[in-house]
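The numbering of the sequence shown is the working numbering, which starts it at 1 and goes up by one.
All C-beta atoms, glycine included, are put in the ideal place defined by N, C-alpha and C.
Below is one structure, written out as structure tokens, with a few remarks after it.
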Amino acid sequence: MTTDLRVFPFPIDADDAEAVEKVGRSLPEPRRGNGGDDVDAIYTSPDLPTASDAGWRAIERANRPEWLFQKGGIPVRLGSDDEARTRLETLNLDKFRYVVARVAPWKTKTKNKKTGEIQETAAKPPKDVIADMLAYPSDRMPLPIVSRITDVPTVAFDGMICDRPGYNPANKTYYAPAAGLVIPEFPEYPIEEDIRRAVQTIVEPFADFSFKGDADLAHLVSLAILPFARDLICGPTPFHLADAPIHGSGKTLSFQTALYPGTGGNYGPMAQTTEEELRKKITTEILAGRPIVFLDNISREIDSSNLSMAITSPYWFDRVLGKQVDVTLPMRLIFVGTGNNVILSGEIARRTVRVRIDPNTDEPWRREGFRIPNLRGWVHEHRGELVAAILTLIRAWVLDGKPAWPGRALGSFEEWSRVLGGILERAGIGGFLENLDELYEQADLEGATWKTFVTAWWEAHKTAAVGTADLFPIAEKIDTLDLGKGTTDKSQRTVLGKKLWAKKNRVVAGYKITLGTKAHRLNQWHLIPTSGGVR
1 MTTDLRVFPF
11 PIDADDAEAV
21 EKVGRSLPEP
31 RRGNGGDDVD
41 AIYTSPDLPT
51 ASDAGWRAIE
61 RANRPEWLFQ
71 KGGIPVRLGS
81 DDEARTRLET
91 LNLDKFRYVV
101 ARVAPWKTKT
111 KNKKTGEIQE
121 TAAKPPKDVI
131 ADMLAYPSDR
141 MPLPIVSRIT
151 DVPTVAFDGM
161 ICDRPGYNPA
171 NKTYYAPAAG
181 LVIPEFPEYP
191 IEEDIRRAVQ
201 TIVEPFADFS
211 FKGDADLAHL
221 VSLAILPFAR
231 DLICGPTPFH
241 LADAPIHGSG
251 KTLSFQTALY
261 PGTGGNYGPM
271 AQTTEEELRK
281 KITTEILAGR
291 PIVFLDNISR
301 EIDSSNLSMA
311 ITSPYWFDRV
321 LGKQVDVTLP
331 MRLIFVGTGN
341 NVILSGEIAR
351 RTVRVRIDPN
361 TDEPWRREGF
371 RIPNLRGWVH
381 EHRGELVAAI
391 LTLIRAWVLD
401 GKPAWPGRAL
411 GSFEEWSRVL
421 GGILERAGIG
431 GFLENLDELY
441 EQADLEGATW
451 KTFVTAWWEA
461 HKTAAVGTAD
471 LFPIAEKIDT
481 LDLGKGTTDK
491 SQRTVLGKKL
501 WAKKNRVVAG
511 YKITLGTKAH
521 RLNQWHLIPT
531 SGGVR
């Protein structure tokens with residue numbers, strides 16, 4: 001199976017080198033019908049439904065092979081970025097009118113006052129017709145739904161490899177082969193030797209990274225596999241975090257290396273930002289058909305409600321910027337991030353798998369003697385081999401009956417655990433999810449802070465009912481317990497009271513925080529030891 005195609009948004013004979021050179025990297029222009037000019041004209045008319053229906057019929061005829069799609073009920077078309085990589089463009093009124101004006105001739109009938117004859121003249125598609133067409137319900141738009149753009153073959157939910165350029169209805173993916181990429185033939189029925197060689201190929205670029213343990217390498221390999229196997233997973237995928245004790249350790253490079261086979265670097269890293277900007281970024285990336293949201297060089301605690309929701313929700317709900325249109329979009333993005341000793345909130349920590357890199361030196365950027373000195377260049381040069389190796393591992397797992405991973409699944413990500421863990425297990429790569437407990441203990445500063453607070457509370461008051469004022473002297477001694485920006489004891493006690501209310505009936509450090517009967521109209525709290533507490 002060899003692919004040596006440029007980025008064609010429509011099927012083309014791979015053996016026709018002359019056609020390849022002639023067509024180059026051009027994207028399709030709207031054209032009438034299926035390439036001919038004998039298309040019935042659309043006549044302007046005060047009958048809006050008739051004109052709109054005619055416009056959609058013309059689009060349906062012209063959309064073979066597919067270059068127009070819909071996402072969340074919004075028409076999109078194939079486009080390209082400044083590096084000629086295929087992407088999806090959302091069609092506003094003007095861009096949609098551009099399309100409609102070119103898929104069929106528009107005409108106006110007028111009566112000659114002198115002769116009485118009916119004359120036909122060229123016309124422009126009326127804007128009220130265009131607006132009406134854009135307002136069609138998504139189930140009436142004759143446009144296929146597209147999930148994402150890919151420049152390498154991917155695997156559909158049934159295990160079939162989608163390697164035909166163009167639109168693949170099986171996984172709603174548009175495959176525009178990367179320019180110059182040659183994917184070597186890989187075995188249709190992999191044997192153990194094929195699997196062993198594939199594993200060697202995949203882990204080779206990671207040889208110079210100083211991983212803390214087997215789990216870190218396993219998670220990096222699973223991230224490399226994920227863009228190819230995303231449609232095998234019916235459900236969400238976790239946040240992938242590359243973490244290190246110091247800058248210059250290779251965190252960003254490790255993720256760039258893992259993601260390159262499946263994406264070709266088709267994503268834009270972004271800095272940690274506001275909730276509003278993150279929400280916009282997520283919506284933009286989904287609509288553009290890109291696969292990755294990459295948060296690079298995280299410097300503050302990650303505690304984002306938008307990120308938490310995006311990671312675990314099957315759908316993303318938002319209002320499209322500039323269109324005042326609410327959209328519901330299937331969530332298939334992969335979320336990754338990098339940082340030094342990153343602090344995660346409890347909500348983010350339980351949604352995270354970590355790759356920990358520890359170079360054991362104070363100046364890791366000065367290291368020399370790498371087995372692969374120019375890793376970015378090496379990965380680009382060997383991308384085809386890496387793609388073939390990853391598809392070999394997936395195919396071996398599929399042919400083996402898609403055995404589920406036998407270990408403990410990551411909560412809320414059972415399908416991801418089953419698929420990625422199963423592929424790694426079949427390939428003989430150990431360590432998957434083995435560092436979760438360590439991650440939770442080290443990354444969840446809030447959890448550690450509350451364990452310290454509740455333990456001190458128990459030592460001071462045991463099961464006695466106490467008010468917020470009684471607990472405040474304990475709280476103010478804990479540096480990591482955020483008591484707000486107020487400078488008075490009263491304001492900080494108010495913050496502590498709200499935090500206690502948020503923790504009501506939660507078990508922390510083996511003790512259940514319980515709200516008792518009020519005293520003098522003030523809340524009273526007490527601890528109840530559970531099986532994990534010290535009585």
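| query | result |
| --- | --- |
| Alpha-carbon to alpha-carbon, Met141 and Glu89 | 17 Å |
| Residues bridged to Arg197 [DSSP beta-bridge criterion] | Answer by DSSP bridge pairing: none, since Arg197 is not bridged. |
| Contact under 9 Å by Cβ, Ser313 with Glu347 | no |
| Short Cβ contact (9 Å threshold) for Thr338 with Ala198 | no |
| Among Leu220, Gly72, Ile161, the one whose alpha carbon lies nearest that of Ser147 | Gly72 |
| Cβ-Cβ distance between Asp526 and Val466 below 9 Å | Just to set this straight, residue 526 is His in the shown sequence, not Asp. The answer is yes: Cβ separation under 9 Å. |
| Paired residues, beta bridge with Met270 - DSSP | Leu295 |
| CA-to-CA distance, Arg87 to Arg332, given in whole angstroms | 16 Å |
| Beta strand (DSSP E) runs wholly inside the stretch 59-138, at least 3 long, in chain order | 68-71, 74-80, 86-90, 106-111, 118-122 |
| Option nearest Val353 by Cα separation, candidates Asn266, Leu410, Thr449 | Leu410 |
| Cβ-based burial, Thr517 [other Cβ within 10 Å; buried from 16] | exposed |
| Simplified DSSP assignment, three categories, for Trp397 | helix |
| The stretch 121-129 in contact with the stretch 47-66 per 3-pair CB rule at 8 Å | yes |
| Any 3 or more C-beta pairs closer than 8 Å across the stretch 220-234 and the stretch 144-160 | yes |
| Chain-order list of residues whose beta-carbon lies under 7 Å from that of Lys451 (same chain, five-residue window excluded) | Val508, Ala509 |
| Phe472 to Ala288 span [Cα, whole Å] | 50 Å |
| Glu301 beta carbon less than 9 Å from that of Val343 | First, the residue type needs correcting, since residue 343 is Ile and not Val in the sequence shown. Result yes, Cβ atoms of Ile343 and Glu301 sit closer than 9 Å. |
| Three-state class that DSSP yields for Gly262 in the structure shown | helix |
| Stretch-stretch touch, CB-based, cutoff 8 Å, three pairs: the stretch 236-247 with the stretch 353-366 | yes |
| First and last residue of the uninterrupted beta strand (DSSP E) at Leu527 | 525-529 |
| Span separating the alpha-carbon of Ala388 from that of Ile191 | 14 Å |
| 9 Å Cβ cutoff met for Ile425 and Trp405 | The amino acid occupying residue 425 in the given sequence is Glu; Ile does not appear at that position. The answer is yes: Cβ separation under 9 Å. |
| Whole-Å CB distance - Trp67 paired with Arg57, under 8 Å assumed | Not really, about 17 Å apart at Cβ, beyond 8 Å. |
| Gln239 - containing alpha helix (DSSP H), residue span | The displayed chain sequence assigns Phe, not Gln, to residue 239. First-last for Phe239: 239-244, but that is the beta strand (DSSP E), not the alpha helix (DSSP H). |
| Beta strand (DSSP E) segments (min. 3 residues) lying fully within the stretch 157-236 | 166-168, 173-175 |
| Beta-carbon proximity of Thr273 to Asp318, cut-off 9 Å | no |
| Given Leu375 as reference, the closest of Trp316, Lys280, Thr257 once Cα atoms are compared | Thr257 |
| Local Cβ density within 10 Å of Thr468, reported as buried at 16 or more and exposed below that | buried |
| Extent of the continuous alpha helix (DSSP H) run through Val419 | 414-427 |
| Residue environment, Ile74, which counts as buried when at least 16 other CB atoms sit within 10 Å | buried |
| Closest by C-alpha distance to Asn92, when choosing among Leu259, Val325, Lys490, Tyr511 | Val325 |
| Lys512 - partner residues in DSSP beta bridges | Val507, Ile528 |
| For Trp499, the nearest candidate out of Leu241, Gly447, Ser531, Ala179 (CA to CA) | Note that residue 499 corresponds to Lys in the displayed sequence, not to Trp. The option with the nearest alpha carbon to Lys499 is Gly447. |
| Exposure of Gln200, with buried meaning 16 or more beta-carbon neighbours within 10 Å | exposed |
| Which listed residue (Ala207, Ser52, Glu60, Pro269) has its alpha carbon closest to that of Gly369 | Ala207 |
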